[in-house]
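Numbering (the working numbering), first residue to last: 3 to 279.
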Amino acid sequence: MLETQRICEQIHVGIKEIIAVYYSLPKNQGITLRKLVRNATLDVVDGMAQLLEVLISPSQSTENSDLISCNSVSVACQRVPEIPKDNKAAALLMLTKSVDFVKDAHEEMEQAVEECDPYCGLLNDSEDNSDSHNDEDGVLGLPSNRDSYWSEEDQELITPCLALVRASRASLKKIRVLVAENGKKDQVSQLDDIVDISDEISPSVDDLVLSIYPPVCHLTVRINSAKLVSVLIKALEITKASHVTPQPEDSWIPLLINAIDHCMNRVKELTQHAANS
Numbered sequence: 003m004l005e006t007q008r009i010c011e012q013i014h015v016g017i018k019e020i021i022a023v024y025y026s027l028p029k030n031q032g033i034t035l036r037k038l039v040r041n042a043t044l045d046v047v048d049g050m051a052q053l054l055e056v057l058i059s060p061s062q063s064t065e066n067s068d069l070i071s072c073n074s075v076s077v078a079c080q081r082v083p084e085i086p087k088d089n090k091a092a093a094l095l096m097l098t099k100s101v102d103f104v105k106d107a108h109e110e111m112e113q114a115v116e117e118c119d120p121y122c123g124l125l126n127d128s129e130d131n132s133d134s135h136n137d138e139d140g141v142l143g144l145p146s147n148r149d150s151y152w153s154e155e156d157q158e159l160i161t162p163c164l165a166l167v168r169a170s171r172a173s174l175k176k177i178r179v180l181v182a183e184n185g186k187k188d189q190v191s192q193l194d195d196i197v198d199i200s201d202e203i204s205p206s207v208d209d210l211v212l213s214i215y216p217p218v219c220h221l222t223v224r225i226n227s228a229k230l231v232s233v234l235i236k237a238l239e240i241t242k243a244s245h246v247t248p249q250p251e252d253s254w255i256p257l258l259i260n261a262i263d264h265c266m267n268r269v270k271e272l273t274q275h276a277a278n279s
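What follows is the structure, given as structure tokens:
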């Protein structure tokens, strides 16, 4: 019992020291870096808090939970050395994550379009396990047949939407390259601004992609497309005005903005009837 109390006291001291380290990080080092340090700190503290609960109430814990608690602390601590050392490295890490998220959404959407059947795999798997292939209500949790395919109007609308998702992916990749090649460690505020607006691209892409799945509401697609376009253009303009774009007049950014506007205009044309109804 005394040994357990001693260990708990040491853990408590360790938690306070870890939190103190986070608060000692100057804010002028960058918000992006501070967020990553904060997340790593919380992971360690959460793991140690779980371990404390196991030590305090051993009768309520199992050997397996003891191992899990110890492992969670170990894993969290092992990730600490992977924290970026400055705000530029932190910005590149976050931009890379955003690129990967949008890449996954883009590839998923392209695959569904190529198959011309967004729920093909799901419905086939479910039909194999169902005795009723003609149930009008469809498989539980999945859309009925009348809602599981794209109409000709839907397929026409998908083209500019997919182009917007592709433009999102291209924008993030190019922004990441600019930050990697031209980003300066001491320009923390501009790097933070680029990361903050870029973080909004992936959720906006997800909203648009989800709205494209049948049954398609054209008005929702129009709204989500406009939201994505607004975020994209803002991200490109912030990047263009920052130090990572040394020659804005020769930049590819205006060309990309024109392409994005063209896609949005096409979406508006194809959804005008929904907007007027």
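All C-beta atoms in this analysis are idealised placements derived from N, C-alpha and C, irrespective of residue type, glycine included. The model shown is predicted, which means the values in this text are computed figures rather than measured ones.
Can you give me the C-alpha to C-alpha distance between residue i and residue j, rounded to a whole angstrom?
{"i": "residue 183", "j": "residue 218", "result": "41 Å"}
{"i": "residue 191", "j": "residue 253", "result": "22 Å"}
{"i": "residue 257", "j": "residue 81", "result": "40 Å"}
{"i": "residue 202", "j": "residue 185", "result": "20 Å"}
{"i": "residue 134", "j": "residue 158", "result": "Low confidence applies here, because residue 134 scores a pLDDT of 44, under 50, leaving its location unreliable; read the following figure in that light. For residue 134 and residue 158, the distance between alpha carbons rounds to 33 Å."}
{"i": "residue 14", "j": "residue 265", "result": "56 Å"}
{"i": "residue 26", "j": "residue 251", "result": "41 Å"}
{"i": "residue 105", "j": "residue 239", "result": "22 Å"}
{"i": "residue 56", "j": "residue 85", "result": "28 Å"}
{"i": "residue 9", "j": "residue 41", "result": "25 Å"}
{"i": "residue 173", "j": "residue 228", "result": "16 Å"}
{"i": "residue 46", "j": "residue 187", "result": "27 Å"}
{"i": "residue 95", "j": "residue 275", "result": "42 Å"}
{"i": "residue 233", "j": "residue 54", "result": "44 Å"}
{"i": "residue 35", "j": "residue 181", "result": "15 Å"}
{"i": "residue 176", "j": "residue 58", "result": "52 Å"}
{"i": "residue 273", "j": "residue 93", "result": "37 Å"}
{"i": "residue 1", "j": "residue 246", "result": "In the structure as shown, the chain starts at 3 and stops at 279, and residue 1 therefore has no counterpart that could be examined."}
{"i": "residue 215", "j": "residue 152", "result": "8 Å"}
{"i": "residue 236", "j": "residue 117", "result": "34 Å"}
{"i": "residue 171", "j": "residue 111", "result": "13 Å"}
{"i": "residue 51", "j": "residue 72", "result": "11 Å"}
{"i": "residue 199", "j": "residue 24", "result": "25 Å"}
{"i": "residue 78", "j": "residue 243", "result": "38 Å"}
{"i": "residue 178", "j": "residue 101", "result": "8 Å"}
{"i": "residue 32", "j": "residue 12", "result": "31 Å"}
{"i": "residue 262", "j": "residue 166", "result": "6 Å"}
{"i": "residue 107", "j": "residue 226", "result": "15 Å"}
{"i": "residue 260", "j": "residue 271", "result": "17 Å"}
{"i": "residue 268", "j": "residue 248", "result": "32 Å"}
By the DSSP assignment, the alpha helix (DSSP H) with residue i in it spans what residues?
{"i": "residue 108", "result": "89–117"}
{"i": "residue 84", "result": "Per DSSP, residue 84 belongs to no alpha helix (DSSP H) and is neither H nor E."}
{"i": "residue 187", "result": "Here residue 187 belongs to no alpha helix (DSSP H), and DSSP marks it neither H nor E."}
{"i": "residue 44", "result": "33–58"}
{"i": "residue 10", "result": "4–25"}
{"i": "residue 278", "result": "274–278"}
Taking DSSP as the reference, what is the three-state secondary structure of residue i?
{"i": "residue 245", "result": "coil"}
{"i": "residue 79", "result": "helix"}
{"i": "residue 179", "result": "helix"}
{"i": "residue 259", "result": "helix"}
{"i": "residue 200", "result": "helix"}
{"i": "residue 219", "result": "coil"}
{"i": "residue 173", "result": "helix"}
{"i": "residue 153", "result": "coil"}
{"i": "residue 253", "result": "coil"}
{"i": "residue 28", "result": "coil"}
{"i": "residue 130", "result": "Here residue 130 scores only 47 on pLDDT, less than 50, and its place in the model should not be relied on; the value that follows carries that caveat. Residue state, collapsed to three classes: helix."}
Report buried or exposed for residue i, applying the criterion of at least 16 other Cβ atoms within 10 angstroms of its Cβ.
{"i": "residue 162", "result": "buried"}
{"i": "residue 6", "result": "exposed"}
{"i": "residue 138", "result": "Low local confidence applies: a pLDDT of 41 at residue 138 is under 50, so the model's placement there is unreliable, and no value is given."}
{"i": "residue 4", "result": "exposed"}
{"i": "residue 87", "result": "exposed"}
{"i": "residue 207", "result": "buried"}
{"i": "residue 212", "result": "exposed"}
{"i": "residue 30", "result": "exposed"}
{"i": "residue 113", "result": "exposed"}
{"i": "residue 169", "result": "buried"}
{"i": "residue 194", "result": "buried"}
{"i": "residue 90", "result": "buried"}
{"i": "residue 76", "result": "exposed"}
Does chain C have any CB closer than 7 Å to the CB of residue i?
{"i": "residue 84", "result": "Within the model displayed, chain C is absent; a lone protein chain is all it includes."}
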